[in-house]
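Numbering (UniProt numbering), first residue to last: 1 to 493. So the structure is just underneath, and the comments pick up after that.
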C-alpha cells in the first residue's frame, strides 16, 4: 500500500530517568477457560493426528512457546463458578453439567492435565478457585491436592492419580467476577470480604507460601470492603476488562471506535491503585489484570444448538484486525507504565474465541494480536523508561486519543522503543529523542501491520498481518511511522 506521508508531526522523547522500574514478566501472562473449543479441540484433542499420546495438541504447544507465556490462569472465568475440581481427577471421571456455560463438561481435562500442560510450556499454573457454588473448604482441599506433602487425604489422592511429588502450584485466585449478578453464587459487597478472608485463611493454613488474589473491581465500595476484611491475606486484587461488548450482539466495533478505547485500561488501573491506597495497602497489594481483551466473548442465550452456533462466531477471522493488534500494544504499555503496581496480566483467552491463536482441525493460525504479543516477548528489555509524546490526535464519534503512543525499555546496553501509530491511513513524521539527543541516520525497524487497518489472518491467508523488517522513510530530522502499525526500534546506549 502506498502510504500518505502528510499525516502530521510528532516528537517522541525517551529518558533514562525512570529506568529503575523493572517490570514483572507475569504481565505477559495468559488465560484459558472451559468455554466452547478453547480446551477441547484447542489445548486438548485426543485422537487428533496433531496430538500426542496424552491428547495435547503439539502444534498448539509449539505456537504458544513462541510467546513464552510465563503464567496461565485456569479453569475460568465464569466456568469456575460451578466447577468442582475433584470431579476431574483420578481414573473414574464422569461428565458433569456446568451451570455457568450450560454445557456438558466431560472432565477429561482437569487439574493434573492442566499442570502437565503448563510444565510443557515451561510456565507457572495459576488456579482460579470456585467461589460460586464452591466453599472455602473445597478451595483449601484443592490446594492440599496440588501442594500437600504429608500423608493426608487429598495429597494421597494426588499420589493415587500418579503424581507422587507435589505439583507446587504457587499462584491461586479466589473467585471470578463474584461481584456480577450473572455469576453463579455471586456475592454482595457485605458478603464478599468476610468470605474471602475465611477462604484465604484456610488456604494459607495449607500452604502459606502461595501468591493469592481475589476477585475485585475498580469500585471503591466493593474493593475497599474486600481489602478491609481480607487485605492482610492477599497479594493481589484481580480485575478484568473487555471494552467492546459483544455478549448478545456480534457486531464488532470498527477500527477507529476500537482504538479510541485504548486509554480505558489505564483508567481502570488508576482506579484500582487509588482504592489500594485508600485501604492503606500501597506496596503490599498489587494488581492482577488477569482477564483482558479488546472484545468481549459472544455467548447469547437460546437453545443448546443456538448457543453453540453463536459461540462459533467468536472465531470469525475477520474480527481480528489491526484494531485488536494496536489495542493489545496499548494495553501492554499501560501495564508496563504502571509496573510498580501491576504485576500480572493475562490475555483472555490464549486460544480460540478472542485469543491470539486460532486452532482448527488442521493446524493453527496466528492472529494479528499474536504478533504483537510476540514482539513484546522478544524485544522488551528489563527496565521501563520515561517516554513522552507530543503530536496529533485522532477524533471519532466524539472521542479523542493521541495518534502516536510510545514506550521505551532498556537493559543498560541498548534501548528498544515501541511506537504505535493509530492513524488508519497516514504515516506520521516523528522526531525521536533519547536523553535530549535527536536520533538520526538510517534505521530499520520491526513493523507489525497489514495492507489496511482492517487486514486479518485466515486459514487460507495466514500472513496478511505479520512482522517484517523495514527501513523507516526519513525526512529532515524525522522518521515516518507507517499507518495502523506497531514499530519496534533498537537504539544502542
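Glycine included, every Cβ here is placed at the ideal spot set by N, Cα and C. Note that the coordinates shown come from a computational prediction; the quantities given were computed from them, not determined experimentally.
Query - Span of the beta strand (DSSP E) around residue 167 - result: Neither: residue 167 is in no beta strand (DSSP E) and is coded neither H nor E.
### Message
For residue 289 and residue 150, I'd like the C-alpha separation in whole angstroms.
### Response
34 angstroms
Problem set entry | Length of the line joining the Cα atoms of residue 10 and residue 477 | 11 angstroms
On a CA-only basis, which of 439, 486, 97 is nearest residue 82? Give me that one, please.
-> 97
**Message:** Can you tell me where the beta strand (DSSP E) holding residue 396 begins and where it ends?
**Reply:** 393 to 396
Give the single residue among 310, 254, 322 whose Cα lies nearest to the Cα of residue 463. 322
Query raised in the report: Anyone know if the C-beta pair for residue 179 and residue 211 falls short of 8 angstroms?
Result: no
Whole angstroms is fine: what's the gap from residue 260's alpha carbon to residue 394's? 8 angstroms
Check your understanding: What does DSSP give as the partner residues of residue 430 in its beta bridges?
Key -> 10, 479
Check whether the region 191 to 202 and the region 151 to 159 are in contact - that is, three or more C-beta pairs closer than 8 angstroms. no
Three-state secondary structure (DSSP) at residue 303? coil
Fill in: Distance, residue 379 Cα to residue 434 Cα
18 angstroms
Going by DSSP in three states, residue 236 sits in which element: helix, strand or coil? strand
Q. Does the count of Cβ pairs from the region 19 to 33 and the region 343 to 355 closer than 8 angstroms reach three?
A. yes
Item to complete: Jot down the residue ranges of each uninterrupted beta strand (DSSP E) in the region 373 to 418, minimum 3 residues, whole runs only, in chain order.
Response: 386 to 390, 393 to 396, 399 to 402, 404 to 410
*Can you tell which of 75, 104, 70 has the C-alpha that lies nearest to the C-alpha of residue 121?*
70
Review point. How would you call residue 75, buried or exposed, if buried means at least 16 neighbouring beta carbons within 10 angstroms?
Key: buried
Hey, quick one: how far does the alpha helix (DSSP H) through residue 337 stretch, first residue to last? 322 to 337
Margin query: Is the separation between the beta-carbon of residue 342 and that of residue 12 shorter than 8 angstroms?
Written below: no
**OP:** Could you name each continuous alpha helix (DSSP H) segment of 4 residues or more that falls completely within the region 116 to 199, going from the start of the chain to the end?
**Re:** 136 to 147, 153 to 160
Checklist line | Chain-order list of residues whose beta-carbon lies under 6 angstroms from that of residue 1 (same chain, five-residue window excluded) | finding: Only weak support exists for where residue 1 lies, its pLDDT of 39 falling under 50; the value from the coordinates is given anyway. Once the five neighbours on either side are set aside, the close Cβ partners of residue 1 are 451.
inquiry  = On the DSSP bridge list, what partners appear for residue 308?
reply    = DSSP output for residue 308 lists no bridge partner at all.
Within 10 angstroms of the Cβ of residue 399, are there 16 or more other Cβ atoms? Answer buried if so, exposed if not. exposed
query: What residue does the beta strand (DSSP E) around residue 498 start on, and which one ends it?
result: This structure gives no information on residue 498, because the portion of the chain shown stretches from 1 to 493.
### Start and end residues, alpha helix (DSSP H) containing residue 59
58 to 67
Q.
Which of the three DSSP states is assigned to residue 3 in this structure?
A. The predicted model places residue 3 with a pLDDT of 49, which falls under 50 and marks its position as unreliable; any figure quoted below should be read in that light. Reduced to three states, the DSSP call for residue 3 is coil.
Next item on the list: Excluding the 5 residues preceding and the 5 following residue 396 in the sequence, name in chain order all residues of the same chain whose CB lies nearer than 6 angstroms to its CB.
Entry: 256, 260
**Message:** Under 8 angstroms, with one C-beta from each stretch per pair, do the region 263 to 270 and the region 361 to 378 reach the 3-pair mark?
**Reply:** no
Just to check my reading of the structure: residue 129 and residue 173 have Cβ atoms closer than 8 angstroms, yes? What is that Cβ distance to the nearest angstrom? 6 angstroms
Check your understanding: What are the residues that DSSP puts in a beta bridge with residue 203?
Key -> Answer is none; residue 203 lacks a bridge partner.
In terms of DSSP beta bridges, what is residue 96 paired with? 105
So for residue 313, helix, strand or coil by DSSP? helix
| message | If contacts are defined as beta-carbon pairs under 8 angstroms, then residue 241 and residue 281 qualify, I think. What distance do you get, rounded to the angstrom? | response | No, residue 241 and residue 281 are not in contact; Cβ-Cβ is about 21 angstroms, not under 8 angstroms.
Quick one: give me the first and last residue of the beta strand (DSSP E) that residue 274 is part of.
-> Looking at the DSSP string, residue 274 is not in any beta strand (DSSP E); the run it does join, the alpha helix (DSSP H), is 264 to 278.
| task | Assign residue 461 to one of two classes, buried (16 or more other C-beta atoms within 10 Å of its C-beta) or exposed (fewer than that). | result | exposed
Quiz prompt | Close Cβ partners of residue 136 (< 7 angstroms) along its chain, the five nearest in sequence each way excluded | solution = 198, 199, 202
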